[in-house]
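A short worksheet on the structure shown next.
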Amino acid sequence: MPHTTANPRSRPGHRAWWVAAVTATTIVVAGAFSTMPGVLQGPLQSDFHWSRGSIGLAASVNMVLYGLTAPFAAALMDRFGVRRVVLAALGVVAGGALLTTVMDAAWQFTLFWGLLVGLGTGCLAMTLATTVANRWFTERRGLVTGILASAGVLGQMVFLPALSWTVDHHDWRPALVTLALAALATALLVRLALGDHPADTGERPYGSPVFVPRPPPVPGAARRALTVLSAAARTAPFWLLAAAFAICGASTNGIMWTHFAPAAHDHGMPVTTASTLLALIGVFNVVGTVAAGWLTDRVDARRLLAVVFALRGLLLVALPLIMSSTVTPPMLAFVVLFGLLDLATVPPVIALCRRFHGADSAVVFGWTSAAHQVGAALAAFLGGVARDTFAGYDPVWVVLGAACAAAALLALTVRRAGPRTTAVSPPCGKAVVTRGARC
């Protein structure tokens, strides 16, 4: 395929958009699996008389593996191709869900749901979105990553009502079978329509003026993930982004999705009402993340990230003042604004990883995502400790608001000029830290 220096407008029907649509569908289905632990707690406790702690252990293992699997999954996609890794991951999550329906001991729930589903969904996390956007798009990368980032939340919104209804009317096992069938149906779609690289069909990435050949497979996926981490860890931008993203996880998944409903209930609000407000936050997540992706294509990602963190911090500090037993206009305003900001950090962080780490950005983003999950897990645990200690959550909101202000400063200190990139070059197989050079 000859190279061209022309810059024609990419046609709207470019296959990249079909690949993005299939990827979004996959992430939607993977997101549905994250809703199940909360739905299953009551039925499992009723059927097996397990403690909340033993049920929560499986969810914790799932969360940790979800974060730690991501960088290795990105390296596996560079080694074996996106389609193979996604197909294997969908098979693992379907198998884990089906095995969960025949369990009879708490350790099996940890094995089937915590380990298998955690590993599978970790491969279908944002590193999948980053890899697809990097390979298939030159223009509109920010918009595409925003759309794909919101897909996981969309999966929760789409499946949660149906899964809850199924559990209430037909028991919890049919709900898990439904999820398994959805994963298998998505695997068929992936097999038919998800391409590994534009060069496989002789196409250019969307918006690219030149043909981009497919890079050769990078051997040693696990070694590469660790090597990229070692090289990235020698750069300041990696640590700044990882720290900021850890605060992001603490101030969203860790505290809001775990402790918002109990905190609202402390003020007299029914748990069902608080859960509805959380669902509304999820609705506005989609709008905010897509908008952040659109803005990432147009403004400095560092400043956008700083603004998002600063506004989120102000909202968290104000939350104790607007908590009440009923849904008031200030509470509705909080729900809308927090939803718009909740996942809006993802597109600029991906853009900054791409800027400073080049071809290895998907793997690096996987490691920053692991930091996000660590922050979320710490906030989920320490938030409960704080509730027991202070008999309320007010200090938690203030501390996390201050942490968000610190994250805004971290975002602004990410170095603008002379980006260092980490790359694993196939010819020599060694990781190098360069300033635009390649091995």
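Read left to right, the sequence shown gives residues 25 to 463 (the working numbering). A virtual CB, placed ideally from N, CA and C, is assigned to each residue, including glycine. Note that this is a predicted model, so its numbers are computed, not measured.
Between the CA atoms of residue j and residue i - distance to the nearest angstrom
{"i": "residue 301", "j": "residue 366", "result": "14 Å"}
{"i": "residue 207", "j": "residue 392", "result": "27 Å"}
{"i": "residue 404", "j": "residue 294", "result": "21 Å"}
{"i": "residue 249", "j": "residue 42", "result": "29 Å"}
{"i": "residue 142", "j": "residue 151", "result": "15 Å"}
{"i": "residue 327", "j": "residue 252", "result": "26 Å"}
{"i": "residue 97", "j": "residue 283", "result": "30 Å"}
{"i": "residue 343", "j": "residue 233", "result": "49 Å"}
{"i": "residue 184", "j": "residue 235", "result": "42 Å"}
{"i": "residue 131", "j": "residue 60", "result": "17 Å"}
{"i": "residue 378", "j": "residue 418", "result": "37 Å"}
{"i": "residue 87", "j": "residue 412", "result": "23 Å"}
{"i": "residue 312", "j": "residue 318", "result": "10 Å"}
{"i": "residue 241", "j": "residue 187", "result": "40 Å"}
{"i": "residue 123", "j": "residue 398", "result": "28 Å"}
{"i": "residue 257", "j": "residue 272", "result": "20 Å"}
{"i": "residue 95", "j": "residue 350", "result": "43 Å"}
{"i": "residue 292", "j": "residue 199", "result": "32 Å"}
{"i": "residue 473", "j": "residue 111", "result": "Beyond the ends of the chain as shown, which are 25 and 463, falls residue 473; an answer cannot be given."}
{"i": "residue 177", "j": "residue 316", "result": "15 Å"}
{"i": "residue 100", "j": "residue 394", "result": "17 Å"}
{"i": "residue 84", "j": "residue 433", "result": "30 Å"}
{"i": "residue 64", "j": "residue 146", "result": "20 Å"}
{"i": "residue 426", "j": "residue 334", "result": "9 Å"}
Nearest neighbour of residue i, chosen from the options [CA to CA]
{"i": "residue 360", "options": "306, 150 and 284", "result": "306"}
{"i": "residue 424", "options": "346, 278 and 364", "result": "278"}
{"i": "residue 237", "options": "225, 352, 413 and 325", "result": "225"}
{"i": "residue 128", "options": "109, 170 and 74", "result": "74"}
{"i": "residue 401", "options": "92, 41 and 386", "result": "92"}
{"i": "residue 230", "options": "363, 168, 84 and 398", "result": "168"}
{"i": "residue 58", "options": "89, 72 and 153", "result": "89"}
{"i": "residue 263", "options": "246, 223, 121 and 437", "result": "437"}
{"i": "residue 48", "options": "146, 138, 130 and 172", "result": "172"}
{"i": "residue 67", "options": "292, 192 and 210", "result": "192"}
{"i": "residue 70", "options": "319, 99 and 196", "result": "196"}
{"i": "residue 107", "options": "308, 136, 159 and 83", "result": "159"}
{"i": "residue 211", "options": "354, 410, 426 and 113", "result": "113"}
{"i": "residue 39", "options": "387, 385, 138 and 156", "result": "156"}
{"i": "residue 336", "options": "154, 406 and 421", "result": "421"}
{"i": "residue 406", "options": "245, 430, 164 and 280", "result": "280"}
{"i": "residue 163", "options": "109, 320 and 433", "result": "320"}
{"i": "residue 358", "options": "298, 133, 63 and 246", "result": "298"}
{"i": "residue 363", "options": "135, 223, 180 and 308", "result": "308"}
{"i": "residue 410", "options": "286, 56 and 239", "result": "286"}
{"i": "residue 182", "options": "310, 266 and 254", "result": "310"}
{"i": "residue 109", "options": "288, 50, 136 and 79", "result": "50"}
{"i": "residue 288", "options": "255, 259, 79 and 345", "result": "345"}
{"i": "residue 338", "options": "136, 180 and 431", "result": "431"}
Exposed unless 16 or more other CB atoms sit within 10 angstroms - verdict on residue i
{"i": "residue 369", "result": "buried"}
{"i": "residue 332", "result": "buried"}
{"i": "residue 372", "result": "buried"}
{"i": "residue 348", "result": "exposed"}
{"i": "residue 396", "result": "buried"}
{"i": "residue 381", "result": "buried"}
{"i": "residue 194", "result": "exposed"}
{"i": "residue 322", "result": "exposed"}
{"i": "residue 352", "result": "exposed"}
{"i": "residue 275", "result": "buried"}
{"i": "residue 161", "result": "buried"}
{"i": "residue 144", "result": "buried"}
{"i": "residue 415", "result": "exposed"}
{"i": "residue 385", "result": "buried"}
{"i": "residue 261", "result": "buried"}
{"i": "residue 442", "result": "In this prediction, residue 442 scores a pLDDT of 39, lower than 50, which makes its location untrustworthy; the coordinate-derived value is nonetheless stated afterwards. Label assigned to residue 442: exposed."}
{"i": "residue 246", "result": "exposed"}
{"i": "residue 134", "result": "buried"}
{"i": "residue 296", "result": "exposed"}
Cβ distance (whole Å) where residue i is taken to contact residue j below 8 Å
{"i": "residue 428", "j": "residue 356", "result": "Rounded, the Cβ-Cβ distance is 21 Å, inconsistent with contact."}
{"i": "residue 268", "j": "residue 325", "result": "With a Cβ gap of about 12 Å, residue 268 and residue 325 do not count as contacting."}
{"i": "residue 220", "j": "residue 105", "result": "4 Å"}
{"i": "residue 52", "j": "residue 217", "result": "About 15 Å; that fails the 8 Å criterion."}
{"i": "residue 119", "j": "residue 140", "result": "6 Å"}
{"i": "residue 148", "j": "residue 45", "result": "Contact doesn't hold; Cβ gap of about 15 Å is too wide."}
{"i": "residue 330", "j": "residue 435", "result": "4 Å"}
{"i": "residue 138", "j": "residue 82", "result": "4 Å"}
{"i": "residue 243", "j": "residue 439", "result": "That belief does not hold up - the Cβ atoms of residue 243 and residue 439 are roughly 32 Å apart, past 8 Å."}
{"i": "residue 228", "j": "residue 222", "result": "6 Å"}
{"i": "residue 154", "j": "residue 389", "result": "5 Å"}
is_contact[residue i, chain B] using C-beta, thresh 8 Å
{"i": "residue 267", "result": "The question asks about chain B, but that chain is absent: this structure has only one protein chain."}
Cβ pair count under 8 Å reaching 3, the stretch 197 to 206 against the stretch 108 to 127
Yes: at least three Cβ pairs fall under 8 Å.
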